[in-house]
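Chains as they are written, first to last, in the numbering used here: chain U, 13 to 311; chain B, 13 to 311.
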């Protein structure tokens, strides 16, 4: 089954202790699409400027990503630049140029409206609501957000949360959204806002999921070399939602395997800059690392 | 097989957001013994003052803890008092009175010298070395330490590390000891100092182990109510070493199950003040939570 993603497309300039890259393919919708496309057909909605290197998306098209929803607007593409500290857990944003993303109004092509799986990447909650107004009875709606919207757009965020089936947050966001310092209570607090499924990402500490009565925890893959953490969260979401879409059911077993698929794809995404590692990644490599997750957690 | 533990016995005064307790049973050797005694006979070496309520140790004796190595010295017992912040991840030490612990020189009763499993709880590394000089060819020596000794007694600590089979550290200590920010590299760096087995504890994020070629990660039990984190690390070590001693072998399967046993006992220890939850804990409760660990990690 197909997955719709609505989010950002960007050109990222990133500096890490291991190197740097300028105007590289980035943005939540791009990372998500690259990750999800290993599991399910993807329909992309985002906006770029007329400076965007559209040919860089060929590898996505080749993997079944439908880019008819990618609007090319007059102006410059959204640009983000940042630098990661030595420990890779912290980064400083050097600049954010919204450019054409500033006036982004998601418009779904008519043939996208019946997409059964919907991922609302991190954009303004009002825009997330506008996307939901354009889809017809999706089977599953999942959402990402960020500290900024929790700070300044909480009522709109709560409105969209009430309409979603699942939410993927990091630990700080879960605590900020609920005011609970205990992460388990924070996740349960988010459930009370609407979503049946809450996934809390904890970076190097892995992730956990509360889904109805089910609880599942997965460690992060033990990477010795983290090359560039940019896009890890969106890649995780792509693997997770893509896997669920490929199964088209919501049993605890599917949700758990989806958490592992998300972890697997995210662990590859951070091995190179931009989406580079997701370009040449193979199905065999994904399956091999999935098996490795079983090995490192079984007892 | 028996386990020898050498560490502190203390009277703790602890304040948490959920209550407070004064002069309660504490100290690394006491928590360790209470935890390990569910799995194996324990031999305790520590020192207390003549103000120590020896009758409070009856529950340990009843569970097979040999307290002949508990020295009663003239003076007051080691006292620690601290207050936990709302998020329970941080605490402030209000006072530390070493008292009789200041001049503690571990003296093993002759009948302890052949104990096959040895746990050197967090004491001065020179004292840990003195303990090793008093045991005859132990099968397994494991060690705990703290930031203080890494700061001021690194040469002695490295000397004892070179003589141990395994070490249990928290994430900050592993980073501090090696200067590596990546935790996997930090753990491997500790391995290079001698121990074949390195366990890194991460509090609410669980723990992982590198043991020879094996890697294993376990999440923390999803507790909604953390009553008092004091002694969690020593309880974890007690469950872990106690389980290994009960198996008397060092296969990856045993080491992994030991990690889960440590996590199980630690998750109970923090449910009440002091060792109170470990007093009335039953074998059935341990087995039930062990099974629950399988449920929350399986996929």
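Even for Gly, the Cβ is constructed at its ideal location relative to N, Cα and C.
A quick note: this is a predicted structure, and the numbers were derived from the prediction, not measured.
DSSP-derived helix/strand/coil call for residue i
{"i": "residue 21(U)", "result": "coil"}
{"i": "residue 271(U)", "result": "helix"}
{"i": "residue 287(U)", "result": "coil"}
{"i": "residue 219(U)", "result": "strand"}
{"i": "residue 226(B)", "result": "strand"}
{"i": "residue 137(U)", "result": "helix"}
{"i": "residue 301(B)", "result": "helix"}
{"i": "residue 263(B)", "result": "coil"}
{"i": "residue 125(B)", "result": "coil"}
{"i": "residue 159(U)", "result": "helix"}
{"i": "residue 177(U)", "result": "coil"}
{"i": "residue 116(U)", "result": "coil"}
{"i": "residue 188(B)", "result": "helix"}
{"i": "residue 144(B)", "result": "helix"}
{"i": "residue 236(U)", "result": "coil"}
{"i": "residue 293(B)", "result": "coil"}
{"i": "residue 311(U)", "result": "coil"}
In DSSP terms, what residue i is bridged to
{"i": "residue 277(U)", "result": "Answer is none; residue 277(U) lacks a bridge partner."}
{"i": "residue 182(U)", "result": "213(U)"}
{"i": "residue 100(B)", "result": "Paired residue(s): none; residue 100(B) is not in a bridge."}
{"i": "residue 131(U)", "result": "17(U), 154(U)"}
{"i": "residue 27(U)", "result": "32(U), 95(U)"}
{"i": "residue 107(B)", "result": "93(B)"}
{"i": "residue 61(U)", "result": "85(U)"}
{"i": "residue 38(B)", "result": "22(B)"}
First through last residue of the alpha helix (DSSP H) which encompasses residue i
{"i": "residue 199(U)", "result": "195-203"}
{"i": "residue 169(U)", "result": "166-173"}
{"i": "residue 246(B)", "result": "244-259"}
{"i": "residue 71(B)", "result": "70-74"}
Among the options, nearest to residue i - alpha-carbon criterion
{"i": "residue 156(U)", "options": "133(U), 57(U), 176(U), 224(U)", "result": "133(U)"}
{"i": "residue 63(B)", "options": "86(B), 245(B), 266(B)", "result": "86(B)"}
{"i": "residue 69(B)", "options": "120(B), 217(B), 38(B), 98(B)", "result": "38(B)"}
{"i": "residue 36(B)", "options": "65(B), 17(B), 29(B), 266(B)", "result": "65(B)"}
{"i": "residue 76(B)", "options": "95(B), 98(B), 46(B), 93(B)", "result": "46(B)"}
{"i": "residue 224(U)", "options": "58(U), 286(U), 177(U)", "result": "177(U)"}
{"i": "residue 53(B)", "options": "189(B), 79(B), 24(B)", "result": "79(B)"}
{"i": "residue 182(U)", "options": "236(U), 138(U), 243(U)", "result": "243(U)"}
{"i": "residue 170(U)", "options": "203(U), 148(U), 245(U)", "result": "203(U)"}
{"i": "residue 168(U)", "options": "135(U), 97(U), 15(U)", "result": "135(U)"}
{"i": "residue 40(B)", "options": "192(B), 20(B), 95(B)", "result": "20(B)"}
{"i": "residue 239(B)", "options": "15(B), 16(B), 26(B)", "result": "26(B)"}
{"i": "residue 246(B)", "options": "268(B), 267(B), 260(B), 287(B)", "result": "287(B)"}
{"i": "residue 95(B)", "options": "305(B), 309(B), 285(B)", "result": "285(B)"}
{"i": "residue 166(U)", "options": "145(U), 72(U), 303(U), 138(U)", "result": "138(U)"}
{"i": "residue 106(B)", "options": "92(B), 118(B), 73(B), 98(B)", "result": "92(B)"}
{"i": "residue 118(U)", "options": "42(U), 194(U), 140(U)", "result": "140(U)"}
Where the beta strand (DSSP E) containing residue i begins and where it ends
{"i": "residue 232(B)", "result": "That residue, residue 232(B), is in no beta strand (DSSP E); it is neither H nor E in DSSP."}
{"i": "residue 52(B)", "result": "Neither: residue 52(B) is in no beta strand (DSSP E) and is coded neither H nor E."}
{"i": "residue 82(B)", "result": "77-85"}
Any non-hydrogen atom of the ligand FMN within 8 angstroms of residue i CB
{"i": "residue 165(B)", "result": "As for the ligand FMN, it is missing from this structure, which has no ligand bound."}
Sequence-distant residues of the same chain with beta carbon closer than 6 angstroms to residue i, five excluded per side
{"i": "residue 229(B)", "result": "220"}
{"i": "residue 51(B)", "result": "254, 255, 258"}
{"i": "residue 232(U)", "result": "216, 218"}
{"i": "residue 152(U)", "result": "129, 177"}
{"i": "residue 301(B)", "result": "276"}
{"i": "residue 116(U)", "result": "59"}
{"i": "residue 103(B)", "result": "94, 96"}
{"i": "residue 158(U)", "result": "134"}
{"i": "residue 83(B)", "result": "59"}
Residues near residue i by beta carbon distance below 8 angstroms, same chain, minus five either side
{"i": "residue 199(U)", "result": "186, 210, 212, 220, 222"}
{"i": "residue 174(U)", "result": "205, 206"}
Nonlocal neighbours in the same chain, by C-beta distance under 7 angstroms from residue i, ignoring five residues either side
{"i": "residue 61(U)", "result": "85, 87, 88, 89, 111, 112"}
{"i": "residue 81(B)", "result": "55, 56, 57, 120, 121, 124"}
{"i": "residue 289(U)", "result": "280, 281, 283"}
{"i": "residue 150(U)", "result": "127, 128, 129, 130"}
Contact list for residue i against chain A, beta-carbon separation under 7 angstroms
{"i": "residue 272(U)", "result": "As a matter of chain content, chain A is missing from the structure shown, whose protein chains are U and B."}
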